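Those protein sequence lines, which keep their order, are chains A and B. Numbered according to UniProt numbering, the first sequence spans residues 1 to 534. Numbered according to UniProt numbering, the second sequence spans residues 1 to 339.
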Amino acid sequence: MFPTTETAADALSIRSLSKTFAGLTVLNDVSLTIAPGEVHALLGQNGSGKSTLIKCLAGVHRPDPGSSIQVNGRQLPQTFPPSESSRFGLAFVHQDLGLIGDMTVAENLAIGTGFERSGPLINWRSQKARAIEILDSFGLLISPNAFVRDLPVTARTLLAIARAFQPRREANATPLSVLILDEPTAALPDNDAELLFEAIARVTAAGVGVGYVTHRLEEVFRIANRASILRDGVLTGTFLVSEMTRRSLFTAIVGERAATELNTTDTNEKVQRKIGDAPQPVVLRAVELTGVRVRDASLTVKLGEILGIAGLAGSGRSELARLLFGSQKLTSGSRSINDIAIAPASPKAAMRAGIALVPEDRRRDGCILDMSIAENITLAKIRTTSIGFLNLSAEKTQVKQAISALDIRPRDPSRQLGTLSGGNQQKVVLAKWLARNPKLLILDEPVQGVDVGAKADIFALLREAAASGAAILVIDSDFDNLANLCDRVAILRNGQIVSELEGQRLTTENMSQATFGVDDETDLVSVDQFEEKP
Amino acid sequence: MTTTLAPPAKPPARGPRQARPPRNTRAKLASGSRFALPVLLLIFIVIFSILEPTTFATLNNAKTVLSTQSVLALVALAALLTLVIGEFDLSLGAQMGLSALLLPGLTANGAVPIPVAIVLSIAATTFVGLCNGLLVAKAKVNSFIATIGTAALIGAVVLAYSGGTVIFQGVPAELINISSWAPLGIPGPIIYVAIISVIVWVFLKRTPFGRYMSAVGGSKDAARLSGINTDRVTIVTFMLAGTLAGIGGVVEAGQLGSGNPAVGPSFLLPAFAAVFLGATAYYVGQFNVWGTITAVVTLATGVAGLNLLGLPSWVEPAFNGVALLVAVALTRYLRGKPV
């Protein structure tokens with residue numbers, strides 16, 4: 001009764017798929033196929049275009065003209081609403097699973113395929129019988145009456161897969177040809193991955209092709225037949241997994257480069273700048289900070305120093321920033337600025353101590369898009385007259401100075417921030433904090449969504465701020481940026497600071513290897529997460 | 001930086017998030033519509049003046065329309081404050097009614113002197129605002145739900161206090177002086193609204209607290225991470241809204257000269273209609289004082305004119321309802337995001 005694909009056609013065939021957003025090519029001429037019964041891993045770093053590819057399949061994005069997507073030999077229309085993708089034999093299990101916690105297992109299974117009915121009413125007896133049949137076929141020993149919110153995450157993941165895989169109720173429905181799983185193991189406890197793999201084996205045994213997005217390389221070797229790798233929106237290749245090693249796969253994902261070419265000039269300059277400098281006092285001293293993911297992280301930043309934090313997503317990078325700034329509660333540990341301890345209470349206490357944070361999510365946390373450039377720049381340090389009104393003239397002078405010092409475009413202080421480009425928005429956020437002359441400036445992904453020119457400007461500003469006496473801590477998932485900017489980089493892995501790199505050892509490749517836990521000699525991957533936002 | 005080994009190469013995929021949809025049409029419409037509302041007001045005035053030169057186009061009619069709308073204007077300004085911080089206060093109508101009942105109730109038979117009773121009435125609604133603020137900021141109850149709850153409680157208090165009947169026995173006659181006072185022929189309520197509008201405008205545009213309010217309304221997270229005590233801003237804003245609703249109640253009591261337990265809740269919808277309609281004028285897409293006041297006057301003029309034409313009484317709620325829906329949809333479109 002489960003769907004099977006009887007033809008020899010590819011379950012999924014993508015040809016010359018391109019996607020351009022406002023002149024930016026995100027996917028460039030991507031072609032790949034998934035055979036019936038195959039597990040096809042889809043790999044790539046953040047921003048490589050995986051999500052866009054999936055969204056093109058799901059009908060969320062419309063591919064550029066000339067692109068072709070076929071499911072089981074049948075051409076997909078140029079546009080279709082996402083709700084219709086199942087009609088073409090496509091199913092998706094996204095990271096959030098799309099289950100409804102306040103409904104029962106049986107109800108969740110019925111969503112999407114419809115309820116078993118007697119006339120106009122739901123026939124709960126046959127609905128439950130059908131649910132049990134589906135659950136049994138996946139070895140899921142849960143009650144159809146259980147609420148999804150009460151299920152452990154593994155059961156939920158399997159339920160989502162079972163739901164995608166269950167037969168359609170309509171007689172003439174297209175059987176499932178392709179199931180796309182987007183990082184299904186991201187939230188799973190390690191031991192439970194096997195259960196997921198068994199479920200996937202059931203799906204492929206029925207002749208369904210599985211597209212498997214993951215960052216965990218060992219899973220690729222465990223279940224995938226082939227792997228396609230996207231880099232910068234281009235398919236760099238489709239490989240037979242049996243012919244690859246972890247290292248060759250890793251290299252294919254991040255790209256080939258000789259370690260000697262790594263920003264040698266920049267690094268040397270920095271080394272030279274540092275040599276001969278008198279030892280500088282320590283500004284930030286964080287001792288054994290522990291939060292949810294971060295454990296016992298200790299670090300120091302000296303006056304005039306730019307410290308980088310390199311880590312994969314999920315390593316606790318952003319949490320570390322929040323713990324330092326006080327926007328997340330410390331479980332234990334302490335922070336001090338110039339040897340004065342900071343009350344753990346709030347961002348306000350951290351700000352008073354001289355800490356500033358440029359948060360990762362600029363649009364939500366960093367700035368207020370509805371307000372003007374001027375209002376944003378002055379928000380963290382509002383100038384008032386002696387009787388407590390806004391000092392608009394002082395504000396105007398300050399904002400004008402900031403706009404020209406940071407080269408913010410447009411130069412109109414009354415422009416609404418939301419109308420600015422990402423780079424200029426970020427400069428405004430920087431200007432807001434620089435106005436407070438912070439002793440420690442923490443930046444979480446400061447050049448995210450920022451164009452190349454603005455990025456260079458922002459780096460120059462940070463170097464300037466460091467030179468004029470601030471201590472700077474930068475988190476960046478682009479290790480090139482860290483190699484370029486930082487005097488020293490701390491490696492954060494699984495919430496712990498495992499090592500530090502400085503001087504000649506401060507290279508992009510060393511950071512990649514250290515964060516992945518890839519060891520030069522042994523070709524091992526000990527940390528499995530790859531770059532991805534939580 | 002051209003060849004790469006580790007993570008990177010973000011520009012292509014990060015780009016789209018940064019590239020915003022073309023907003024030309026919206027931007028043009030937004031800039032063009034700045035004066036649509038005052039122009040609509042002028043059109044109303046011209047049309048009704050031509051249709052009813054003897055009844056509509058008189059100074060007395062203008063005074064009547066404006067002073068009867070002064071209570072609505074005050075409730076609308078209260079609603080404006082909470083909307084600036086991105087919250088709804090659906091208890092403002094009830095709060096106004098509470099104050100409008102307490103004042104005659106307290107002063108009846110000389111129990112409490114009028115000035116003290118005024119202060120107590122306004123204090124009562126400010127306290128309601130404090131409760132609303134605490135519910136929203138500390139108990140994290142959605143403001144919509146929290147204020148529906150307090151509105152219901154106020155309704156209960158009003159019923160219990162009045163016994164469901166109009167309080168008029170022993171209410172001092174001087175009470176109506178509050179609203180019948182008219183220096184230089186300008187009705188007092190118009191003066192109150194003018195003064196309070198200026199204060200609210202200065203407060204929102206020229207004080208740090210007003211700036212914090214906009215920041216909280218723009219993004220609570222970003223405001224908090226900029227060192228703003230968002231809970232405090234929320235609580236104080238609800239209290240200020242309560243104060244304005246209380247003042248509205250005082251003016252209402254002055255106009256009625258008695259305490260009517262039924263008055264109040266019916267002011268809520270037109271007040272919100274005015275604030276949303278006001279957001280389409282002057283500072284397009286932003287809730288603003290002068291837009292709100294213009295909207296109150298425009299709605300009142302429209303209703304007054306239609307009434308003088310002899311249209312049935314259901315025209316007013318229909319007019320207000322349509323205005324609210326059109327205004328919300330238009331504000332939503334011009335802001336480019338949900339209100």
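Ideal placement from N, C-alpha and C gives every residue a C-beta, glycine not left out. A quick note: this is a predicted structure, and the numbers were derived from the prediction, not measured.
So, under 8 Å CB-CB, Lys427/A and Leu440/A are touching, yes? Tell me the CB distance rounded to an integer number of Å.
Against the first sequence, residue 427/A aligns to sequence position 427. Against the first sequence, residue 440/A aligns to sequence position 440. Actually they do not touch by this definition, with Cβ atoms about 20 Å apart.
Give me the Cα-Cα distance between Ala241/B and Ser143/B, rounded to the nearest whole angstrom.
In the second sequence, residue 241/B corresponds to position 241, counting from 1. In the second sequence, residue 143/B corresponds to position 143, counting from 1. Cα to Cα, Ala241/B sits roughly 13 Å from Ser143/B.
Straight-line CA distance for Ala318/B to Ala156/B?
What you label residue 318/B is simply residue 318 of the second sequence in a count that begins at 1. What you label residue 156/B is simply residue 156 of the second sequence in a count that begins at 1. Cα-Cα distance, rounded: 28 Å.
What residues from the region 334-354 of chain A come within 8 Å of chain B, judged by C-beta to C-beta, listed N to C?
Cβ contacts with chain B come from Pro347, Lys348 and Met351.
If you draw a straight line from the alpha carbon of Gly321/B to that of Arg293/A, how long is it in whole angstroms?
Position 321 of the second sequence holds residue 321/B. Position 293 of the first sequence holds residue 293/A. About 51 Å.
Considering Cα atoms alone, identify which of Asn424/A, Asn437/A and Asp444/A is closest to Gly453/A.
Indexing the first sequence from 1 puts residue 453/A at position 453. Out of Asn424/A, Asn437/A and Asp444/A, Asn424/A has the C-alpha closest to the C-alpha of Gly453/A.
When you check each C-beta in the region 205-222 of chain A against every C-beta of chain B, which residues fall closer than 9 Å?
Of all residues in the region 205-222 of chain A, none has a Cβ within less than 9 Å of some Cβ in chain B.
Report yes or no: do the region 304-311 of chain A and the region 484-492 of chain A share at least 3 C-beta pairs separated by less than 8 Å?
Yes, the region 304-311 of chain A is in contact with the region 484-492 of chain A.
What does the alpha-carbon distance come out to for the pair Ala78/B and Thr237/B?
Counting from one through the second sequence, the residue named residue 78/B turns up at place 78. Counting from one through the second sequence, the residue named residue 237/B turns up at place 237. Using only the alpha carbons, I get a separation of about 9 Å.
Please list, in chain order, the residues of the region 193-210 of chain B that have any C-beta partner in chain A closer than 7 Å.
Those would be Arg206, Thr207 and Pro208, in chain order.
For Asp182/A, which beta-bridge partners are listed by DSSP?
Locating residue 182/A in the first sequence gives position 182, where the first residue counts as 1. Val213/A, per the DSSP bridge assignment.
Can you give me the start and stop residues for the beta strand (DSSP E) that Ser332/A sits inside?
Taking the first sequence and counting its residues from 1, the one referred to as residue 332/A is at position 332. Per DSSP, Ser332/A belongs to the beta strand (DSSP E) from Ser332 to Ile337.
So, using beta-carbon positions, are Pro413/A and Leu420/A closer together than 9 Å?
In the first sequence, residue 413/A corresponds to position 413, counting from 1. In the first sequence, residue 420/A corresponds to position 420, counting from 1. No, the Cβ-Cβ distance between Pro413/A and Leu420/A is not below 9 Å.
Asp444/A and Ala321/A: beta carbons closer than 9 Å?
Residue numbering aside, residue 444/A sits at position 444 when the first sequence is read from its first letter. Residue numbering aside, residue 321/A sits at position 321 when the first sequence is read from its first letter. In contact: Asp444/A and Ala321/A (Cβ atoms closer than 9 Å).
Does the region 34-41 of chain B come close enough to the region 157-164 of chain B to have 3 or more Cβ pairs within less than 8 Å?
No contact exists between the region 34-41 of chain B and the region 157-164 of chain B.
Once DSSP output is grouped into helix, strand and coil, what is the label at Glu269/A?
One-based indexing of the first sequence puts residue 269/A at position 269. Low local confidence applies: a pLDDT of 47 at Glu269/A is under 50, so the model's placement there is unreliable, with the coordinate-based value given in what follows. Here Glu269/A sits in helix by DSSP.
Count the other CB atoms, across all protein chains shown, that sit within 10 Å of the CB of Tyr212/A; report buried if there are 16 or more and exposed otherwise.
Stepping through the first sequence from its first residue, residue 212/A is reached at position 212. Flag for Tyr212/A reads buried.
Can you give me the C-alpha to C-alpha distance between Gly304/A and Leu109/A, rounded to a whole angstrom?
For the purposes of this step, residue 304/A is identified with residue 304 of the first sequence, where counting begins at 1. For the purposes of this step, residue 109/A is identified with residue 109 of the first sequence, where counting begins at 1. Rounded to whole angstroms, Gly304/A to Leu109/A spans 58 Å at the Cα level.
Using a Cβ cut-off of 8 Å, pull out every chain A residue sitting near Ala279/B, in sequence order please.
Reading the second sequence from its first residue, position 279 is the one you call residue 279/B. Those within 8 Å of Ala279/B in chain A number zero; the least Cβ separation is about 12 Å.
For the putative contact between Ala323/B and Val296/B, defined by C-beta atoms under 8 Å, what is the C-beta separation to the nearest angstrom?
The count along the second sequence starts at 1 and reaches residue 323/B at position 323. The count along the second sequence starts at 1 and reaches residue 296/B at position 296. Their Cβ separation, rounded to whole angstroms, is 11 Å, which puts Ala323/B and Val296/B out of contact at 8 Å.
Anything in chain B within Cβ reach of Phe389/A, meaning under 9 Å, just list it in chain order.
In the first sequence, residue 389/A corresponds to position 389, counting from 1. What Phe389/A touches in chain B: Val202, Arg206, Thr207 and Pro208.
Would you report the Cα separation of Val326/B and Leu277/B, rounded to the nearest angstrom?
In the second sequence, residue 326/B corresponds to position 326, counting from 1. In the second sequence, residue 277/B corresponds to position 277, counting from 1. So the two alpha carbons sit approximately 8 Å from each other.
Using a cut-off of 9 Å between C-beta atoms, extract the partners of Thr384/A located in chain B.
Locating residue 384/A in the first sequence gives position 384, counting from the first residue. Under the 9 Å cutoff, chain B gives Thr207 and Pro208.
Along chain B, in chain order, which residues have C-beta atoms closer than 7 Å to that of Leu163/A?
Reading the first sequence from its first residue, position 163 is the one you call residue 163/A. The sequence shown places Arg at residue 163/A, not Leu. Within 7 Å Cβ-Cβ: nothing; Arg163/A doesn't reach chain B, min ~29 Å.
Out of Ala297/A, Leu462/A, Leu141/A and Ile387/A, which one is the CA nearest neighbour of Cys486/A?
Sequence index remark: in the first sequence, residue 486/A carries index 486 (1-based). Measuring from the Cα of Cys486/A, the nearest candidate turns out to be Leu462/A.
Beta-carbon within less than 6 Å of Ala227/A's beta-carbon, same chain only, minus the 5 sequence neighbours each way: which residues are those?
Residue numbering aside, residue 227/A sits at position 227 when the first sequence is read from its first letter. Once the five neighbours on either side are set aside, the close Cβ partners of Ala227/A are Ala41, Leu43, Val220, Phe239 and Val241.
Counting only beta-carbon separations shorter than 9 Å, does Asn229/B have a partner in chain A?
Position 229 of the second sequence, counting from 1, holds the residue named residue 229/B. It does; some Cβ of chain A falls within 9 Å.
For a test of the three-state rule: what should DSSP assign to Leu325/B, helix, strand or coil?
Here the question's residue 325/B lines up with position 325 in the second sequence. DSSP places Leu325/B in helix when its eight states are reduced to three.
Please report the Cβ distance between Ala222/B and Gly366/A, rounded to the nearest whole angstrom; I am assuming they are in contact, meaning their Cβ atoms lie under 8 Å.
Locating residue 222/B in the second sequence gives position 222, where the first residue counts as 1. Locating residue 366/A in the first sequence gives position 366, where the first residue counts as 1. That belief holds up - the Cβ atoms of Ala222/B and Gly366/A are roughly 6 Å apart, short of 8 Å.
Closer than 7 Å by beta-carbon distance: list the chain A residues that pair up with Gly110/B, in chain order.
Numbered from 1 along the second sequence, position 110 holds the residue referred to as residue 110/B. What Gly110/B touches in chain A: nothing, since even the nearest Cβ is about 40 Å away.
How big is the Cα-Cα spacing for Pro312/B and Asn61/B?
Mapped onto the second sequence, residue 312/B falls at position 312. Mapped onto the second sequence, residue 61/B falls at position 61. Spanning the two alpha carbons is a distance of roughly 19 Å.
With Ala402/A and Ala435/A assumed to form a contact (beta carbons below 8 Å), what rounded beta-carbon distance in angstroms separates them?
Working through the first sequence from its first residue, we reach residue 402/A at position 402. Working through the first sequence from its first residue, we reach residue 435/A at position 435. Sure, about 7 Å apart at Cβ, within 8 Å.
Could you tell me whether any Cβ in chain A is nearer than 9 Å to the Cβ of Arg224/B?
Mapped onto the second sequence, residue 224/B falls at position 224. So, interface residue.
Are the C-beta atoms of Asp221/B and some chain A residue less than 9 Å apart?
Counting from one through the second sequence, the residue named residue 221/B turns up at place 221. So yes, Asp221/B belongs to the interface.
Find the nearest neighbour of Val208/A within the set Phe92/A, Leu230/A, Glu218/A and Ser177/A, judged by alpha-carbon distance.
Here residue 208/A refers to the residue found at position 208 when the first sequence is read from its first residue. Ranking Phe92/A, Leu230/A, Glu218/A and Ser177/A by Cα distance to Val208/A puts Ser177/A first.
Gln328/A: which of Gln398/A, Lys50/A, Ala343/A and Val399/A sits nearest, CA to CA?
As a position in the first sequence, residue 328/A is number 328, starting the count at 1. If we check each option's Cα against that of Gln328/A, Ala343/A comes out closest.
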